[in-house]
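Shown next, in structure tokens, is the structure this report addresses.
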Ligand SMILES: Cc1ncc(COP(=O)(O)O)c(C=O)c1O
Ligand SMILES: Cc1ncc(COP(=O)(O)O)c(C=O)c1O
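Residue numbers (our numbering), protein chains in the order written: chain X, 2 to 268; chain P, 2 to 268; chain G, 90 to 499; chain V, 90 to 499.
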């Protein structure tokens, strides 16, 4: 699963005039088996690309919903290797690209090189690291590139024009636009026009790069983003995993239904 | 009951080669009726002179036993006039001299002249005021004298020789020697020889004045004071009033027995 | 007519028997206390003119108590109220959190000079006791603190401090179980123990010498403030009002001492009005209570027709005292100061207004009474009027009480 | 080899990416925080060289916080221990009762300069939060404080203060419910609100600029102390040891700042060793914890093999933090300071010994750790050695905890 492959996927979706649907759930939530089942259900329900959270307890970017998922996975003893194993098992049966979303300390404590190696072994396509901003991440990003992994740079509404250009010039094939100033899982507090405006700015600078839009997107708002490259839904899924567990139901079923619905709304 | 009369009493006892026995209980403790009964019982049991406390809640000279008596009387609504009435009723039947022991604020709030007048009407012989030291008390003492009331000056172990002489020179016929530095009702913490030494000093300066010794004297120690002019037992009686009440018994009976015993031990 | 003499320290304006105006104060004590009081009186007269002693005092005031405490303008409160300019003397910054530290240090130093090894004192809010135990620990004195059982309960944070400084805290269960009973019990203790022990009265009450020592000690407040006023305004403002709460009156005396001779400086004392609608005010001056003798001194005192001290009730333990300093009686009678009161509710509101507007000032419930008066009068006054409030205590000790009353969950 | 440069402020010895020694610190933050951090970094560079700003800072340090705090000799403790001379910088006398006031004032002033009306901050012991709400009330800022739910419980007196200053206190229920979670939550809040709001990090932790501002603010402690040392000894003592507790490390940095270049001054940091026998030390430096990224900065941090922060346990909420300032990591690595730890029990014993011997010093549990180290080493040292302990917090906030542990009835 080379970085080439991730770009290809995006390009194929672009060629189909579709907006890629990405999901975010936490790897190992609530445990390895069900988490794998959830990923499968997501894949079967039509998600194009799957973000898999490698959660960190002392994260500073997650809202309540994703924190709950993270704490659930961690307190059930999920380790970094477990998450890689889930991904590996998933990839045995499914084509969808996997992007790991994590925090720097998870990578550091695993060892940077080791982490990249393991990503390769598990057929991971890309890495998002929330607390490793440009340009501090360049060394690691280069290492990723050398190992055929896409390191996905983050952009946000207050990224200055200069910075935007520099980041884009250093970025790999795919970038991620954080739709608003917030942690994950908050209500979308800016209008979608504004988000799309910034998306267009990014595209005008780097037309060849694919841009994922994330943060605050739910069943209610996803249709606004038709026509962009890709968008992610995360907290809404995590919230539903929590409620399914609380109701004694299999979260995979519910998540599958929601992803189906998201897919429909986006097409 | 003129001040003459108090001196006469002392002189008569002196002539009999006896040490006068004085008692102290709080007027109105626990109520007017029983208090009167107690005074009668004391008189019947052979006390020579009776000190009647006109208690004050914010006193600064009483130990726990007398404080209890005071609070009991006060919380049962005993007023200054009630105490005068008890004394008056007592004097209708008994010869024993009554000395009021009180605090300055009781006298001030009653009105000084009024207080003296009432003492006269109730046949009180003398006044001890704990917190009205010489020479601040001289005006009032003179008023007492003019009304034939003995104002009893207090002396104590740390009264300097000069002060002792001055006080004695201003004193009426009777003075009171506080045996030790303490509030009422503490254990005698100085040897009786020491007390008697000071008593003798007082007598050598003013042989004509009668000197009451008080504070810390109980059934156990009273016999040490044979040969002095007079001694007072207070807290031990108050303590027994409390215990009798707690045991549901008539305190007058118990107090009578103790006074009997004290009388015996002193003779 | 009673008169204040100019140019003579107020504490020295008593007659040979210790009475200010011939009436207030004195030494109405048991004979057993006559000697130690005479001894203390003599010693203090020597020490207050002894340069070494003054240096020592100043050393501890500066290095331990942290003098001078700040003098600051309360801009937000001034703007909020519109009217007089409101300033604050932040005495609560004195080590331990209140003005009681000055008296405690001086008494401890005296105790050592007297060659005594034990010191005892009364406390209401617990500040006097906290500071005394604090100083006692420093000066290697054994220490005993008498405190009404009700106050032990409601001012437990200060009790904690006393215990941690190694003092013995004696809860007093008699009477109303508040300050008045604590003082009585402390005096009883001293009556027995005065040969080896020294007594510190926690406010400007008690026999004359205690009134004098205490006022002499807290006078540090106005001594340093006068300089700060001059630094701030370049001169003494034409129209200045000094507002202070009055329990026993030590804080107010210290705050006013240097200003007595300045007739353009109005002195306003605020007593505890107690709960709204209750009659148990702890406000003998503003309610014209009769003269009486309490704790050895003649003063206005809240009492019934039998001369029995009446129970008072105040949200602020430090003001919950039925008597008041002879010095304040004298200032009232000579009309040099005016006295008023604030209710529990007004004090609580003042606490909130001041806290929310002026973070650094966090008055305990006692000075909140003074702020209540400032808040009442400031809006009606001109911008040229300077109000200075003595914030003489820190609110930490009252956190439980205030939180309960205001429904904060803590 | 990492080296400290002489003549350059420690806070400026980082590289262009914000790393001290090329390793510690940095800005490992979400992209959403990049802009406000750049803005803050620029603004602070201007302000720290702006005379008006410095004057304003000094005005508030002096008149509100009450600088300078006393520098005193602990005669009794010195005599009791026999050995080194023990001195104490009584920082607990800063308004509010701890060194956290300096950082809070500076951040509030910066917040106003940035034109922001809202300020938020984290707190552990509650002092950082108390001081920030205090300053916010003064400077008319809305204020939100994040505090672990466990700390809200155990430091309720400080919570009371925050509420009374009008701050919103947000209990954080995630993770260990202590400081580490409060900081995380505060950073999350700021991520969302940084356009209108300013964030104050309560210690020398977080992204580089916060480390710098905080250390720059608490540096007041050593600036004024250097003068006091010179006044006291006439020169800088040949053999001086400065002992300070280290949680995040803001107090120690402030206490040491002016002394970094004086090689004859030994710097000793004391971390929280936790309950005797427990492994939950909050002592990343003295226990050689691995490097990690926490709250945006690279530092030694207590973590498991998965990079998950491990729960710590300390009787002192203020030291109960799994990470530590990049500055202290740098000082450790360059061997300029040495780090050790004291257990809960040792801290409690130190608290008692200091309180009973030296009333005026009433250290909270955090500085009690520093005193524990002083007590350990002083007896073995010569009379020519000067130990100075920073008593950076007042015990009032800990009364409940200490009383329970020592069995005082309060
Ligand atoms: C802070 C504070 N203010 C005022 C008082 C009242 O005492 P005084 O009137 O003597 O200042 C007290 C007494 O405890 C107190 O603690
Ligand atoms: C009194 C006190 N000391 C020390 C600390 C620890 O923080 P730092 O190491 O940043 O000084 C705290 C933190 O709350 C504190 O309140």
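Yeah, the Cβ is synthetic: ideal placement off N, Cα and C, and Gly gets one too.
Self-check item: Check whether residue 213(G) and residue 268(G) have beta carbons under 8 Å apart
Solution: Mapped onto the third chain, residue 213(G) falls at position 124. Mapped onto the third chain, residue 268(G) falls at position 179. Against a cut-off of 8 Å, the Cβ pair of residue 268(G) and residue 213(G) comes out as a contact.
Practice problem: Could you say which of 222(V), 165(V), 131(V) lies nearest to residue 189(V) if we only look at CA atoms? | Solution: Taking the first residue of the fourth chain as 1, we reach residue 189(V) at position 100. The shortest Cα separation from residue 189(V) among 222(V), 165(V), 131(V) belongs to 222(V).
Practice problem: Examine chain X for any beta-carbon lying closer than 8 Å to the beta-carbon of residue 276(V), and answer yes or no. | Solution: Sequence index remark: in the fourth chain, residue 276(V) carries index 187 (1-based). It does; some Cβ of chain X falls within 8 Å.
Quiz item: To the nearest angstrom, how far is it from the Cα of residue 132(X) to the Cα of residue 102(X)?
Solution: Residue numbering aside, residue 132(X) sits at position 131 when the first chain is read from its first letter. Residue numbering aside, residue 102(X) sits at position 101 when the first chain is read from its first letter. Rounded to the nearest angstrom, the two C-alpha atoms are 10 Å apart.
Practice problem: For residue 142(X), collect the residues of the same chain with a Cβ closer than 6 Å to its Cβ; drop the 5 residues on either side in sequence, then sort them by chain order. | Solution: As a working mapping, residue 142(X) is identified with position 141 in the first chain. Counting only Cβ-Cβ distances below 6 Å, and skipping sequence neighbours, we find 152.
Exercise. Return the first residue and the last residue of the beta strand (DSSP E) that residue 211(P) is part of.
Key: As a first step, residue 211(P) must be located in the second chain, where it is residue number 210. From DSSP, the beta strand (DSSP E) with residue 211(P) extends over 211-215.
Self-check item: Contained beta strand (DSSP E) runs [length at least 3] in the stretch 388-461 of chain G, N- to C-terminal order
Solution: 426-432
Quiz item: From this set, 284(G), 92(G), 117(G), which residue's C-alpha is nearest residue 388(G)'s C-alpha?
Solution: Position 299 of the third chain holds residue 388(G). Of the listed residues, the one whose Cα sits closest to residue 388(G) is 117(G).
Quiz item: In this structure, does DSSP put residue 10(P) in helix, strand or coil?
Solution: What you label residue 10(P) is simply residue 9 of the second chain in a count that begins at 1. Residue 10(P): helix per DSSP, three-state reduction.
Quiz item: Can you name the residues that DSSP bridges to residue 178(P)?
Solution: Sequence index remark: in the second chain, residue 178(P) carries index 177 (1-based). Bridge partners of residue 178(P): 156(P), 214(P).
Practice problem: With DSSP collapsed to three states, give me the class of residue 117(G). | Solution: Here the question's residue 117(G) lines up with position 28 in the third chain. Three-state DSSP puts residue 117(G) in coil, outside helix and strand.
Exercise. Counting only the same chain and skipping the five closest in sequence on each side, list residues whose C-beta sits under 7 Å from that of residue 21(X).
Key: As a first step, residue 21(X) is located in the first chain; it is residue number 20 there, counting from the start. Hits under 7 Å: 11, 14, 49, 50, 230, 231.
Quiz item: Beta carbon of residue 401(G): closer than 7 Å to some heavy atom of ligand 2?
Solution: The sequence position of residue 401(G) within the third chain is 312, counting from 1. Outside the cutoff, so no.
Quiz item: How long is the line joining the alpha carbons of residue 340(V) and residue 491(V), rounded to whole angstroms?
Solution: In the fourth chain, residue 340(V) corresponds to position 251, counting from 1. In the fourth chain, residue 491(V) corresponds to position 402, counting from 1. Spanning the two alpha carbons is a distance of roughly 22 Å.
Quiz prompt | Cβ neighbour criterion (16 or more within 10 Å) applied to residue 432(G) | solution = The sequence position of residue 432(G) within the third chain is 343, counting from 1. By the neighbour-count rule (16 or more Cβ atoms within 10 Å), residue 432(G) is buried.
Quiz item: Does the Cβ of residue 216(V) lie closer than 7 Å to at least one heavy atom of ligand 2?
Solution: Residue 216(V) sits at position 127 when you count from the first residue of the fourth chain. Checking every heavy atom of ligand 2 against the Cβ of residue 216(V), one is found closer than 7 Å.
Exercise. May I ask you to report which of helix, strand or coil DSSP gives residue 318(G)?
Key: Along the third chain, one-based indexing puts residue 318(G) at 229. Of the three classes helix, strand and coil, the one that applies to residue 318(G) here is helix, per DSSP.
Exercise. Let me know if residue 198(P) comes out buried or exposed under the rule of 16 or more other beta-carbons within 10 Å of its beta-carbon.
Key: Locating residue 198(P) in the second chain gives position 197, counting from the first residue. Counting Cβ neighbours within 10 Å, residue 198(P) comes out exposed, since fewer than 16 surround it.
Self-check item: Proximity to residue 120(V) [Cα-Cα], best of 137(V), 446(V), 437(V), 279(V)
Solution: Position 31 of the fourth chain, counted from the first residue, corresponds to residue 120(V). Out of 137(V), 446(V), 437(V), 279(V), 279(V) has the C-alpha closest to the C-alpha of residue 120(V).
Quiz item: Is any heavy atom of ligand 1 found at a distance shorter than 7 Å from the C-beta of residue 445(G)?
Solution: In the third chain, the residue the question calls residue 445(G) occupies position 356. No, Cβ of residue 445(G) sits at least 7 Å from all heavy atoms of ligand 1.
Self-check item: Where the alpha helix (DSSP H) containing residue 196(G) begins and where it ends
Solution: Stepping through the third chain from its first residue, residue 196(G) is reached at position 107. It spans 189-202 - the alpha helix (DSSP H) in which residue 196(G) sits, taken as one unbroken run.
Quiz item: The alpha helix (DSSP H) with residue 269(G) in it runs from where to where?
Solution: Position 180 of the third chain, counted from the start, is the residue given in the question as residue 269(G). Per DSSP, residue 269(G) belongs to the alpha helix (DSSP H) from 268-282.
Exercise. Using alpha carbons as the reference points, say which of 362(G), 383(G), 386(G) lies closest to residue 376(G).
Key: Counting from 1 along the third chain, the entry for residue 376(G) is found at position 287. The option with the nearest alpha carbon to residue 376(G) is 362(G).
Self-check item: Residue from 210(X), 134(X), 185(X) whose Cα sits closest to the Cα of residue 170(X)
Solution: Counted from its first residue, the first chain places residue 170(X) at position 169. For residue 170(X), the nearest C-alpha among the options comes from 210(X).
Quiz prompt | Simplified DSSP assignment, three categories, for residue 218(V) | solution = As a first step, residue 218(V) must be located in the fourth chain, where it is residue number 129. In this structure, residue 218(V) counts as helix in the three-state DSSP scheme.
Quiz item: Along the stretch 229-262 of chain G, what residues have a CB closer than 9 Å to any CB found in chain P?
Solution: none
Exercise. Let me know the secondary structure DSSP gives residue 21(P) once reduced to three states.
Key: Translated into positions along the second chain, residue 21(P) becomes position 20. Strand, per DSSP.
Quiz item: Within the 8 Å Cβ cut-off, does residue 9(X) reach chain V?
Solution: Here the question's residue 9(X) lines up with position 8 in the first chain. Residue 9(X) does not count as touching chain V.
Quiz item: residue 102(P) bridges to which residues according to DSSP?
Solution: Residue 102(P) sits at position 101 when you count from the first residue of the second chain. Residue 102(P) pairs with 54(P), 129(P).
Practice problem: Mind checking the stretch 187-211 of chain G against chain P and listing, in chain order, the residues whose C-beta falls within less than 9 Å of any C-beta there? | Solution: none
Quiz item: Distance, Cα to Cα, residue 81(P) vs residue 130(G)?
Solution: Residue numbering aside, residue 81(P) sits at position 80 when the second chain is read from its first letter. Residue numbering aside, residue 130(G) sits at position 41 when the third chain is read from its first letter. About 35 Å.
Quiz item: Of all the options 44(X), 67(X), 173(X), which has the alpha carbon lying nearest to the alpha carbon of residue 138(X)?
Solution: By 1-based counting over the first chain, the position of residue 138(X) is 137. It is 173(X) whose Cα lies nearest to the Cα of residue 138(X).
Quiz prompt | Cα-Cα separation, residue 443(G) to residue 248(G) | solution = Here residue 443(G) refers to the residue found at position 354 when the third chain is read from its first residue. Here residue 248(G) refers to the residue found at position 159 when the third chain is read from its first residue. Spanning the two alpha carbons is a distance of roughly 26 Å.
Quiz item: Is it the case that the CB of residue 468(G) approaches a heavy atom of ligand 1 more closely than 7 Å?
Solution: Position 379 of the third chain, counted from the first residue, corresponds to residue 468(G). Flag unset: Cβ of residue 468(G) not near ligand 1.
Self-check item: Residue environment, residue 105(P), which counts as buried when at least 16 other CB atoms sit within 10 Å
Solution: In the second chain, residue 105(P) corresponds to position 104, counting from 1. That one is buried.
Practice problem: Could you round the C-beta distance between residue 430(G) and residue 386(G) to whole angstroms and report it? I think they count as a contact, below 8 Å. | Solution: The sequence position of residue 430(G) within the third chain is 341, counting from 1. The sequence position of residue 386(G) within the third chain is 297, counting from 1. The pair is not a contact, with the Cβ atoms about 21 Å apart (cut-off 8 Å).
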